[in-house]
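Participant: Following this message is one structure expressed as structure tokens.
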């Protein structure tokens with residue numbers, strides 16, 4: 061009986077975390093280049109809690125644990141902005157930027173020039189072009205990107221964005237502010253494809269998030285009522301046992 | 003229940019988004035208005051289980067991290083400084099800038115502001131001023147005997163005086179460009195001010211470098227696209243609603259917890 065309560069509790073805790081992940085996805089529904097995460101559950105078989113008197117199929121007590129949150133790297137919708145320095149990254153491609161805390165990857169392609177003419181992200185982090193930041197002369201006209209990531213002006217190409225290909229999304233960790241870190245150095249993308257003059261919206265699918273939300277909510281309350289029933293069973297057992305002379 | 007606060011950050015962000023969109027729509031017909039766009043970023047993540055952590059003596063590693071984000075924040079309301087459509091007005095002192103440049107305007111306190119709004123007028127002294135009565139820089143006086151004023155694409159202002167045959171040059175309009183136009187701060191009244199992010203102004207005559215040229219008898223309209231704004235409004239409103247659903251769900255789960263055992 062205690063086991064049943066604890067199994068229920070293990071599920072309730074994971075459901076609460078699942079809700080938090082859904083809340084974060086929904087909150088970032090309009091964040092440029094945001095990638096949704098989904099919770100991955102696993103069965104956790106208790107090594108000590110056993111019910112050896114039960115039939116063999118029921119002996120082990122299994123709990124549930126949240127094992128990880130998987131990053132969904134699928135493409136988000138592309139929104140035309142008309143700003144020539146906006147780029148929408150496609151497929152599993154990330155952009156390399158130099159931040160105060162070191163090298164980072166980002167999916168946010170809302171780029172601009174800062175006061176010195178250096179190409180930066182919307183956070184002011186410098187975008188890497190061929191190994192370092194790139195500074196454009198104030199007089200340069202017609203700055204734009206070509207679909208393979210080359211920066212061009214009216215005088216011709218001047219460099220290429222550092223684009224990296226993600227082969228294993230589980231290597232990436234979210235560092236906030238639309239940036240990622242990777243446990244292993246990502247390889248440069250062979251044939252990257254970007255959409256100039258557009259931004260990528262988040263890939264959060266509202267319908268899926270809302271259905272998960274309902275599912276989490278219902279599962280949570282059904283577990284609560286299960287535990288309540290277990291509690292009543294236990295209480296009536298205690299009362300009946302106590303009335304025996 | 004952290005989900006409550008996470009969803010609250012989402013609702014706040016969407017509120018800002020709707021505010022920015024409504025300002026764009028309100029300025030749909032404002033001369034030289036440049037539309038804004040709210041930019042969002044995700045907040046910090048809490049790592050409950052780190053990817054790559056060793057789970058067993060044999061060296062097995064956790065393949066995917068358990069990371070839970072804390073919501074969203076608004077980082078900027080950057081302006082899209084793209085060219086707006088140009089419409090004919092047939093007014094002598096209306097000029098549209100085709101290109102990157104800004105007109106220079108002297109504010110009453112002596113500082114310089116920049117604008118794309120070229121609906122100019124004459125004041126009582128015959129000087130060329132903006133529709134708010136601020137002088138343009140460099141100042142240009144039109145003689146009161148002028149019959150016709152011509153502003154050429156390269157900024158030279160010529161006046162045909164009464165009883166004369168040839169027009170004479172009476173001044174030169176200059177334009178300023180910035181390395182980072184999106185870094186300009188908005189002063190309202192269609193005016194922008196230089197900031198440390200925009201870089202110093204690069205001033206000169208129109209038609210040179212990338213400053214663009216002037217088009218007399220025309221005005222530049224706002225670069226707001228009504229269809230884009232309305233669809234953004236719909237998506238912002240729906241996102242707001244969905245965030246509120248998450249708040250409701252978190253609230254219901256909290257209430258389920260508190261009602262689990264009643265003695």
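Residue numbers (our numbering), protein chains in the order written: chain A, 61 to 305; chain B, 3 to 265.
Glycine included, every Cβ here is placed at the ideal spot set by N, Cα and C.
From a predicted model like this one, the values you see are computed outputs, not experimental measurements.
Closer than 8 Å, CB to CB, is residue 201 (chain B) near chain A or not?
Facilitator: On the second chain, residue 201 (chain B) is found 199 positions in, with the first residue counted as 1. Yes, residue 201 (chain B) lies at the interface with chain A (some Cβ there is under 8 Å from its Cβ).
Participant: Look up residue 18 (chain B) in the DSSP assignment and say whether it is helix, strand or coil.
Facilitator: As a working note, residue 18 (chain B) is residue 16 in the second chain. Residue 18 (chain B): helix per DSSP, three-state reduction.
Participant: To which residues does DSSP link residue 151 (chain B) through a beta bridge?
Facilitator: Translated into positions along the second chain, residue 151 (chain B) becomes position 149. In the DSSP output, where bridge partners are listed per residue, residue 151 (chain B) has B:161.
Participant: On the criterion of 16 or more Cβ atoms from any shown chain inside 10 Å, does residue 254 (chain A) qualify as buried, or is it exposed?
Facilitator: Locating residue 254 (chain A) in the first chain gives position 194, where the first residue counts as 1. Residue 254 (chain A) comes out buried.
Participant: Does the distance from the CB of residue 249 (chain A) to the CB of residue 232 (chain A) come in under 8 Å?
Facilitator: Here residue 249 (chain A) refers to the residue found at position 189 of the first chain. Here residue 232 (chain A) refers to the residue found at position 172 of the first chain. Taking 8 Å as the Cβ cut-off, residue 249 (chain A) and residue 232 (chain A) do not qualify as a contacting pair.
Participant: So, residue 91 (chain B) versus residue 224 (chain B), is the Cβ gap smaller than 8 Å?
Facilitator: Position 89 of the second chain, counted from the start, is the residue given in the question as residue 91 (chain B). Position 222 of the second chain, counted from the start, is the residue given in the question as residue 224 (chain B). No, Cβ-Cβ distance for residue 91 (chain B) and residue 224 (chain B) is not below 8 Å.
Participant: Buried or exposed: where does residue 130 (chain B) fall if 16 or more other Cβ atoms within 10 Å of its Cβ makes it buried?
Facilitator: Numbered from its first residue, the second chain carries residue 130 (chain B) at position 128. Result: buried.
Participant: Can you tell me which of the three DSSP states residue 67 (chain A) falls into?
Facilitator: Residue 67 (chain A) sits at position 7 when you count from the first residue of the first chain. Residue 67 (chain A): helix per DSSP, three-state reduction.
Participant: Which class does residue 159 (chain A) belong to by DSSP, given the choice of helix, strand or coil?
Facilitator: Within the first chain, residue 159 (chain A) is the residue found at index 99, counting from 1. Three-state DSSP puts residue 159 (chain A) in a strand.
Participant: How many whole angstroms separate the CB atoms of residue 74 (chain A) and residue 124 (chain A), which I take to be in contact at a CB cut-off of 8 Å?
Facilitator: The residue labelled residue 74 (chain A) in the question sits at position 14 within the first chain. The residue labelled residue 124 (chain A) in the question sits at position 64 within the first chain. Contact holds; Cβ gap of about 6 Å.
Participant: Taking C-beta pairs closer than 7 Å, name the residues in chain A that residue 24 (chain B) reaches, listed in chain order.
Facilitator: Position 22 of the second chain, counted from the start, is the residue given in the question as residue 24 (chain B). Those do not exist, as residue 24 (chain B) stays about 15 Å from chain A at its closest Cβ, beyond 7 Å.
Participant: Here's a check: name, in chain order, each residue in its chain whose Cβ is nearer than 8 Å to the Cβ of residue 268 (chain B), leaving out the five neighbours to either side.
Facilitator: The structure shown has nothing for residue 268 (chain B), since chain B only spans 3 to 265.
Participant: Comparing alpha-carbon positions, which option in B:194, B:235, B:199, B:260 lies nearest residue 116 (chain B)?
Facilitator: In the second chain, the residue the question calls residue 116 (chain B) occupies position 114. The shortest C-alpha separation from residue 116 (chain B) is found at B:194.
Participant: Give the interface partners of residue 224 (chain A) over in chain B, defined as CB-CB distance under 9 Å, in chain order.
Facilitator: In the first chain, the residue the question calls residue 224 (chain A) occupies position 164. Simply none; closest approach about 18 Å.
Participant: When burial is assigned at 16 or more other CB atoms within 10 Å of the CB, is residue 208 (chain A) buried or exposed?
Facilitator: Here residue 208 (chain A) refers to the residue found at position 148 of the first chain. With fewer than 16 Cβ atoms within 10 Å of its Cβ, residue 208 (chain A) is classed as exposed.
Participant: Considering only their Cβ atoms, is the gap separating residue 39 (chain B) from residue 98 (chain B) smaller than 8 Å?
Facilitator: The count along the second chain starts at 1 and reaches residue 98 (chain B) at position 96. The count along the second chain starts at 1 and reaches residue 39 (chain B) at position 37. Contact flag unset, no.
Participant: So, for residue 95 (chain A): in the same chain, excluding its five sequence neighbours on each side, which residues have a beta-carbon less than 7 Å away from its beta-carbon?
Facilitator: Within the first chain, residue 95 (chain A) is the residue found at index 35, counting from 1. Within the same chain, residue 95 (chain A) has close Cβ partners 131, 132, 133, 167, 263.
Participant: For residue 302 (chain B), which option in B:227, B:183, B:258, B:251 has the closest C-alpha, if you only look at C-alpha atoms?
Facilitator: The question about residue 302 (chain B) has no answer, for chain B in this structure spans 3 to 265.
Participant: What's the C-alpha gap between residue 7 (chain B) and residue 14 (chain B)?
Facilitator: What you label residue 7 (chain B) is simply residue 5 of the second chain in a count that begins at 1. What you label residue 14 (chain B) is simply residue 12 of the second chain in a count that begins at 1. If I take the Cα positions, the gap works out to 10 Å.
Participant: Which chain B residues are close to residue 201 (chain A), counting only those with a beta carbon under 7 Å from its beta carbon?
Facilitator: Locating residue 201 (chain A) in the first chain gives position 141, where the first residue counts as 1. Chain B residues near residue 201 (chain A): 212.
Participant: So the candidates are B:47, B:25, B:19, B:21; which of them puts its Cα closest to the Cα of residue 77 (chain A)?
Facilitator: Counting from one through the first chain, the residue named residue 77 (chain A) turns up at place 17. Among B:47, B:25, B:19, B:21, the Cα nearest to that of residue 77 (chain A) belongs to B:47.
Participant: Got a sec: is the Cβ-Cβ distance from residue 82 (chain A) to anything in chain B below 8 Å?
Facilitator: Here residue 82 (chain A) refers to the residue found at position 22 when the first chain is read from its first residue. Judged by the 8 Å Cβ criterion, residue 82 (chain A) is in contact with chain B.
Participant: If I measure Cβ to Cβ from residue 212 (chain A) and keep anything under 8 Å in the same chain, skipping five residues before and after, which residues do I get?
Facilitator: By 1-based counting over the first chain, the position of residue 212 (chain A) is 152. So the list reads 202, 203, 204, 205, 206, 218, once near-sequence residues are dropped.
Participant: May I ask you to list, following chain order, the residues of the stretch 284 to 301 of chain A that have a beta carbon less than 7 Å from some beta carbon of chain B?
Facilitator: Within the stretch 284 to 301 of chain A, the qualifying residues are 284, 287, 288, 291.
Participant: So, residue 118 (chain B) versus residue 210 (chain B), is the Cβ gap smaller than 8 Å?
Facilitator: Numbered from its first residue, the second chain carries residue 118 (chain B) at position 116. Numbered from its first residue, the second chain carries residue 210 (chain B) at position 208. Result no, Cβ atoms of residue 118 (chain B) and residue 210 (chain B) do not sit closer than 8 Å.
Participant: Based on the DSSP output, what are the partners of residue 248 (chain A) in its beta bridges?
Facilitator: On the first chain, residue 248 (chain A) is found 188 positions in, with the first residue counted as 1. Answer is A:224.
Participant: Which of helix, strand or coil does DSSP assign to residue 218 (chain B)?
Facilitator: For the purposes of this step, residue 218 (chain B) is taken as the residue at position 216 of the second chain. Reduced to three states, the DSSP call for residue 218 (chain B) is strand.
Participant: So residue 138 (chain A) packs on residue 260 (chain A), CB below 8 Å; how close in whole Å?
Facilitator: Mapped onto the first chain, residue 138 (chain A) falls at position 78. Mapped onto the first chain, residue 260 (chain A) falls at position 200. Correct: roughly 6 Å between the Cβ atoms.
Participant: Should residue 150 (chain B) be labelled buried (16 or more other beta-carbon atoms within 10 Å of its own) or exposed?
Facilitator: Position 148 of the second chain holds residue 150 (chain B). Looking at its Cβ environment, which holds fewer than 16 other Cβ atoms inside 10 Å, residue 150 (chain B) is exposed.
Participant: At least one CB of chain B closer than 8 Å to the CB of residue 175 (chain A): is that the case?
Facilitator: One-based indexing of the first chain puts residue 175 (chain A) at position 115. Closer than 8 Å to some Cβ of chain B, the Cβ of residue 175 (chain A) qualifies, so yes.
Participant: Using a Cβ-Cβ cut-off of less than 8 Å, give me the residues of the stretch 176 to 190 of chain A that come near chain B, in sequence order.
Facilitator: Answer set for the stretch 176 to 190 of chain A: 176, 177, 182, 183.
Participant: Closest to residue 148 (chain A) by C-alpha separation, out of A:192, A:187, A:93, A:184, would be which residue?
Facilitator: Taking the first chain and counting its residues from 1, one reaches residue 148 (chain A) at position 88. Ranking A:192, A:187, A:93, A:184 by Cα distance to residue 148 (chain A) puts A:93 first.
Participant: How many whole angstroms separate the CB atoms of residue 248 (chain B) and residue 5 (chain B), which I take to be in contact at a CB cut-off of 8 Å?
Facilitator: Within the second chain, the letter at position 246 stands for residue 248 (chain B). Within the second chain, the letter at position 3 stands for residue 5 (chain B). Confirmed, about 6 Å.
Participant: CB residue 246 (chain A) to CB residue 276 (chain A), shorter than 8 Å?
Facilitator: Translated into positions along the first chain, residue 246 (chain A) becomes position 186. Translated into positions along the first chain, residue 276 (chain A) becomes position 216. Not in contact: residue 246 (chain A) and residue 276 (chain A) (Cβ atoms no closer than 8 Å).
Participant: With distances taken between CB atoms, is the gap from residue 196 (chain A) to residue 157 (chain A) smaller than 8 Å?
Facilitator: Here the question's residue 196 (chain A) lines up with position 136 in the first chain. Here the question's residue 157 (chain A) lines up with position 97 in the first chain. No, the pair does not count as a contact, with Cβ atoms beyond the cut-off.
Participant: When you compare the CB of residue 206 (chain B) with every CB in chain A, is at least one pair closer than 8 Å?
Facilitator: As a first step, residue 206 (chain B) must be located in the second chain, where it is residue number 204. Output row for residue 206 (chain B): interface = no.
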